[in-house]
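Following: one structure in structure tokens, then a few remarks.
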Amino acid sequence: VGDGSIVEKLRAALPYKLTPSQEFALGEINADLADPERMLRLLQGDVGSGKTVVALLAMARAVEAGGQAALMAPTEILARQHLATIAPLAEKVGLRTAILTGREKGRERTETLAGLASGAIDIVVGTHALFQETVTFHDLVLAVVDEQHRFGVHQRLA
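The sequence shown runs contiguously to residue 158 in the working numbering.
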């Protein structure tokens, strides 16, 4: 599951140290990522408890392994908030990010879809637009779903 270099650079770029609970959750997620079986894991915490940074570090681990990662949010507003948190940190370590919601149209959407299909985009943040048949990933390794209760069972398992 990668050599850890991207994750370590990302940790160094954080303006704070992870809490013991975040470290524990990451350890569990990393173990699951190393296992060939599908991971279904719930990461629970209060607003502001650092779930997004745990997700980002897990997504970075997936990219280190040669794959891509997606973070799906129930609303466009939340997707854009996640991107605003993730993108600056990801860019510091060379991870390429993009957003895909129903709002992206024309050339922007076409370029994002092409980047996902070619593997040029490492991490995509989006809404249910990520579930569309027109969206093809080069090698999706990890899908993170925020506010899972807002998505249907069939969409979560897709």
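Even glycine gets a Cβ: it sits at the ideal position worked out from N, Cα and C.
All figures in this text were calculated on a predicted structure; none of them were measured in a lab.
Item to check | Simplified DSSP state of Gly106, which is helix, strand or coil | outcome: Position 106 of the sequence shown, counting from 1, holds the residue named residue 106. Gly106 falls in the helix class under three-state DSSP.
Item to check | Per-residue DSSP class, three states only, for Phe151 | outcome: For the purposes of this step, residue 151 is identified with residue 151 of the sequence shown, where counting begins at 1. Legend: pLDDT at Phe151 = 49, less than 50; position of this residue unreliable, value from coordinates given subsequently. If DSSP states are grouped into helix, strand and coil, Phe151 belongs with coil.
Checklist entry - What separation, rounded to the nearest whole angstrom, lies between the Cα atoms of Ala114 and Val135? => result Walking along the sequence shown from the start, residue 114 turns up at place 114. Walking along the sequence shown from the start, residue 135 turns up at place 135. Their backbone Cα atoms lie some 9 Å apart in a straight line.
Checklist entry - Between Ala60 and Leu10, which are expected to be in contact by the criterion C-beta below 8 Å, what is the C-beta distance as a whole number of angstroms? => result In the sequence shown, counting from the first residue as 1, residue 60 sits at position 60. In the sequence shown, counting from the first residue as 1, residue 10 sits at position 10. Between Leu10 and Ala60 the Cβ distance is about 5 Å, and since that is below 8 Å, they are a contact.
Item to check | Distance between Ala84 and Ala235 (C-alpha atoms, nearest Å) | outcome: One cannot answer for residue 235 here, as it falls past the ends of the chain, which runs 1 to 158.
Checklist entry - Considering only C-alpha positions, which residue in the set Ala62, Thr52, Ser21, Lys51 is nearest to Met39? => result As a first step, residue 39 must be located in the sequence shown, where it is residue number 39. Comparing Cα positions, the closest option is Ala62.
Checklist entry - What alpha helix (DSSP H) runs, 4 residues minimum, are completely inside the segment 57–115? => result 76–92
Next on the checklist: Does the distance between the C-beta of Thr110 and the nearest non-hydrogen atom of the ligand ATP fall short of 7 Å?
Outcome noted: This structure simply doesn't include the ligand ATP, nor any ligand for that matter.
Checklist entry - What are the start and end residues of the beta strand (DSSP E) that includes Ile121? => result Working through the sequence shown from its first residue, we reach residue 121 at position 121. First-last for Ile121: undefined, no H or E at that position.
Checklist entry - Where DSSP assigns a beta bridge to Leu26, which residues make up the other side? => result Working through the sequence shown from its first residue, we reach residue 26 at position 26. Per DSSP, Leu26 has no beta bridge partner at all.
Checklist entry - Who are the near neighbours of Phe151 in its chain, counting only those whose CB is closer than 8 Å to its CB and skipping five residues on each side? => result Numbered from 1 along the sequence shown, position 151 holds the residue referred to as residue 151. Note that Phe151 scores a pLDDT of 49, beneath 50, so its modelled location is shaky; the value from the coordinates is reported in the next line. If we look at Phe151 and ignore the five residues flanking it on each side, its Cβ neighbours are Met72, Pro74, His128, Val145.
Item to check | For Ala43: DSSP bridge partner residues | outcome: In the sequence shown, counting from the first residue as 1, residue 43 sits at position 43. Inspection of the sequence shows that residue 43 is occupied by Leu rather than by Ala. Partner(s): none; Leu43 has no beta bridge.
Next on the checklist: So, for Thr97: in the same chain, excluding its five sequence neighbours on each side, which residues have a beta-carbon less than 8 Å away from its beta-carbon?
Outcome noted: One-based indexing of the sequence shown puts residue 97 at position 97. Within the same chain, Thr97 has close Cβ partners Leu83, Ile86, Ala87, Ala90, Glu91, Ile121, Asp122, Ile123, Val124, Val125.
Item to check | Per-residue burial, Val47 [other beta carbons within 10 Å of its own, 16 or more giving buried] | outcome: Translated into the one-based positions of the sequence shown, residue 47 becomes position 47. Result: exposed.
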